[in-house]
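**Q**
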Amino acid sequence: MKLLFDLFPILLFFVAYKVADIYAATAVAIAASVVQILWLKLRSRPVEGMQWASLAIVVVFGGMTLFFHDETFIKWKPTVLYGLFAAVLAGGRMFFGRNLIRSVMGKQLALPEPIWHRLSVAWIVFFVAMAGLNLLVAYRFPTDVWVNFKLFGTMGLTIAFVIAQALYLGRYVQEEG
1 MKLLFDLFPI
11 LLFFVAYKVA
21 DIYAATAVAI
31 AASVVQILWL
41 KLRSRPVEGM
51 QWASLAIVVV
61 FGGMTLFFHD
71 ETFIKWKPTV
81 LYGLFAAVLA
91 GGRMFFGRNL
101 IRSVMGKQLA
111 LPEPIWHRLS
121 VAWIVFFVAM
131 AGLNLLVAYR
141 FPTDVWVNFK
151 LFGTMGLTIA
161 FVIAQALYLG
171 RYVQEEG
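13 is the number that our numbering gives to position 13 of the sequence shown; each next residue is one higher, with no gaps.
1) If the criterion is Cβ atoms closer than 8 angstroms, does the pair L89 and W123 meet it?
2) With distances taken from CA atoms, which of V19, A164, I30 is nearest I10?
3) From what residue to what residue does the alpha helix (DSSP H) around H117 run?
4) Here's a check: name, in chain order, each residue in its chain whose Cβ is nearer than 7 angstroms to the Cβ of W146, leaving out the five neighbours to either side.
5) Across the stretch 52-66 and the stretch 17-36, are there enough close Cβ pairs to call them in contact, namely three or more that are closer than 8 angstroms?
6) Is S120 buried or exposed, if buried means 16 or more other CB atoms sit within 10 Å of its CB?
7) Tell me whether Y168 is buried or exposed, calling it buried when 16 or more other Cβ atoms sit within 10 Å of its Cβ.
8) What distance in whole Å lies between the Cβ atoms of M130 and Y82, which are believed to be in contact at a cut-off of 8 angstroms?
9) Using the Cα positions of Q165 and P112, report the straight-line distance between them to the nearest angstrom.
10) Is the Cβ-Cβ distance between F73 and Q36 less than 8 angstroms?
11) Nearest CA to the CA of E48: which residue from A25, V104, V58?
12) Using CA coordinates, which residue listed in V80, L4, K150, E71 is at the minimum distance from D21?
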C-alpha cells in the first residue's frame, strides 16, 4: 500500500501526460505531491525527510517547467532526486560516520558490518546510475519515451535492484537469538 501511495504523483503525472501534455502533467504532479503531504499531515502520520525533499524538488523544477514553458526542468527532477539520495547516503557515512541504510533497516535485518557497508555503497551506486540514466533518456529520446521510462523503466529497474539485493542479503542475514 505504501508503494502505491509513494507512486501516486508519478502515476497521475503519467496519466495526465497521456491525456494532455507535459505541462498539464507537471501541474498534476505538483498538485498530487502537495496533496500527498497534506494527506499525511491530516492523518497525523509522519512525513519523512525524503518526502519533503521530493516535494520541494517537484515544486521547484515543476514550477520552473511551467513558468518558463520548458520541459527540460521537469526532466531534471528525477536526476536531482536520485543525486540527493546518493549524496545523503554518502554524506551520512563520510561526515557523520553513520550508515543510513543500516539506520533505516537495522531493526528488520541483522547483518555483519561489512555487508551493511556494501549495501550502502550499492544503493549509492544505484542512485548515481539512475540519475545518469534519467539524463541519458531525457536528452537522447523524445519526451514520450522519457515519460514511459520515468514510470515503467525506473520502477522496473528499482524492483530488479531490490530483488537482487534481497538475494544477495539472504546469504548474510543473521538469525536473532
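Just so it is clear, CB atoms sit at the ideal spot from N, CA and C, and this is done for glycine as well. Since this is a predicted model, take the numbers as computed values, not measurements.
**A** Working from what's here:
1) Translated into the one-based positions of the sequence shown, residue 89 becomes position 89. Translated into the one-based positions of the sequence shown, residue 123 becomes position 123. Yes, the pair counts as a contact, with Cβ atoms nearer than the cut-off.
2) In the sequence shown, counting from the first residue as 1, residue 10 sits at position 10. Closest option to I10, Cα to Cα, is I30.
3) Position 117 of the sequence shown holds residue 117. Unbroken alpha helix (DSSP H) run through H117: 113-140.
4) As a working note, residue 146 is residue 146 in the sequence shown. Hits under 7 angstroms: K75, V137, A138.
5) yes
6) For the purposes of this step, residue 120 is taken as residue 120 along the sequence shown, with counting starting at 1. Result: buried.
7) Counting from one through the sequence shown, the residue named residue 168 turns up at place 168. Y168 is exposed by the Cβ-count criterion.
8) In the sequence shown, residue 82 corresponds to position 82, counting from 1. In the sequence shown, residue 130 corresponds to position 130, counting from 1. Confirmed, Cβ separation roughly 5 angstroms.
9) Along the sequence shown, one-based indexing puts residue 165 at 165. Along the sequence shown, one-based indexing puts residue 112 at 112. So the two alpha carbons sit approximately 15 angstroms from each other.
10) Mapped onto the sequence shown, residue 73 falls at position 73. Mapped onto the sequence shown, residue 36 falls at position 36. Against a cut-off of 8 angstroms, the Cβ pair of Q36 and F73 comes out as no contact.
11) As a position in the sequence shown, residue 48 is number 48, starting the count at 1. For the residues A25, V104, V58, the minimum Cα distance to E48 belongs to V104.
12) Walking along the sequence shown from the start, residue 21 turns up at place 21. For the residues V80, L4, K150, E71, the minimum Cα distance to D21 belongs to E71.
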